[in-house]
Structures are given as structure tokens and as C-alpha cells.
Amino acid sequence: MKLLTHNMLTSPGNARGFPLKIEEATVEEVVTDFNGEFIARMVGKLEWQALLGALRDLGVAHQLPNAVPDNHAEDEAFLKGLHHVLVEIEVMEGQLVCPETNKKFPIKGGIPSMI
Numbered sequence: 002m003k004l005l006t007h008n009m010l011t012s013p014g015n016a017r018g019f020p021l022k023i024e025e026a027t028v029e030e031v032v033t034d035f036n037g038e039f040i041a042r043m044v045g046k047l048e049w050q051a052l053l054g055a056l057r058d059l060g061v062a063h064q065l066p067n068a069v070p071d072n073h074a075e076d077e078a079f080l081k082g083l084h085h086v087l088v089e090i091e092v093m094e095g096q097l098v099c100p101e102t103n104k105k106f107p108i109k110g111g112i113p114s115m116i
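If you use our numbering, the sequence shown closes out at 116, no skipped numbers anywhere.
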């Protein structure tokens with residue numbers, strides 16, 4: 002599961018089921034081609050603090066700022082750092098935990114099961 006996917010998942014049927022906490026995770030890095038235009042378009046769709054929380058949960062070192070820079074679309078270093086955490090960090094195994102109910106959803110082979 003890419004962190005881009007995690008940033009958009011919520012616990013089904015719960016009003017406060019976001020952001021899901023990531024626990025007991027096995028993480029892999031998968032190098033992918035950089036597409037700055039795509040990453041710049043995704044910035045407005047992200048819940049920034051949830052992304053930073055996921056990185057903390059995973060213990061992933063990063064250089065992302067605490068807030069999105071105003072000129073993010075022109076900041077190639079920022080976009081490359083964001084590309085790395087959104088699409089190159091992949092949670093292969095672990096579980097997602099609902100913040101409202103503490104229900105756990107397994108992640109197996111990089112795929113979260115939200116049932």
C-alpha cells in the first residue's frame with residue numbers, strides 16, 4: 002500500500018475513521034520514475050498532517066516541511082521528496098487501525114483489506 006493510498010482511506014461506516022494509524026508494518030522502497038506534474042496536482046488532495054503522521058508511525062526519515070510550501074508546484078526538491086514518500090514507500094504487511102473504534106484492518110502483500 003502506497004502512502005498516497007493510505008492518505009485517502011477511511012474506516013468504513015465511521016464518521017471519525019480518518020486517519021488510519023499504521024501498525025506492525027513491513028515497508029519496502031520501490032523506485033519509480035519521477036513525475037513532478039502528477040505530484041504537484043496531488044498536493045491539493047492530500048491531508049498533509051495525516052501524511053506526516055503516517056511517516057512517524059512508520060519511522061520513515063524524510064525532509065518534508067510541517068506545511069505545504071506556497072510555491073510547491075515550482076519547488077522540484079519538495080516535489081521529489083513528496084514523490085518518494087507518496088509512491089516509493091510501500092507498506093507490504095501490517096495493519097491499519099481506526100481512530101474511532103480501534104478496529105484493525107490487515108495489510109497483506111501491499112493490499113489493505115477494509116472489510
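Note that CB positions come from ideal geometry on N, CA and C, so glycine has one too.
| Asked | Found |
| --- | --- |
| Apart from the five residues on each side of it in sequence, which residues of its chain come closer than 7 angstroms, Cβ to Cβ, to Gly95? | Ile23, Glu24, Glu25, Ala26, Thr27 and Ile108 |
| With distances taken from CA atoms, which of Ala41, Lys3 and Ala16 is nearest Thr33? | Lys3 |
| Can you name the start and end residues of the alpha helix (DSSP H) that Thr33 belongs to? | Careful: Thr33 lies outside any alpha helix (DSSP H) and carries neither H nor E. |
| In whole angstroms, what separates the C-alpha of Ile1 from that of Pro70? | For residue 1 there is no data in the structure shown, the boundaries of the chain being 2 and 116. |
| Check whether the Cβ atoms of Leu97 and Leu83 lie closer than 8 angstroms to each other. | no |
| Could you check which residue in Ser114, Glu89, Leu5 and Ala74 has the C-alpha nearest to that of Glu38? | Ala74 |
| Just how far apart, CA to CA, sit Thr102 and Leu5? | 23 angstroms |
| Going by the C-beta, is Gly37 closer than 7 angstroms to any heavy atom of the ligand ZN? | Among the components of this structure there are no ligands whatsoever, and the ligand ZN is therefore not found. |
| Whose C-beta lies closer than 8 angstroms to the C-beta of Ser114 among residues of the same chain, with five residues either side of it excluded? | Phe106, Pro107 and Ile108 |
| What separation, rounded to the nearest whole angstrom, lies between the Cα atoms of Gly18 and Ile116? | 14 angstroms |
| Name the DSSP beta bridge partners of Leu87, please? | Paired residue(s): none; Leu87 is not in a bridge. |
| Given Phe35, which residues of its chain have a CB within under 7 angstroms of its CB, disregarding the five upstream and five downstream residues? | Lys81 and His84 |
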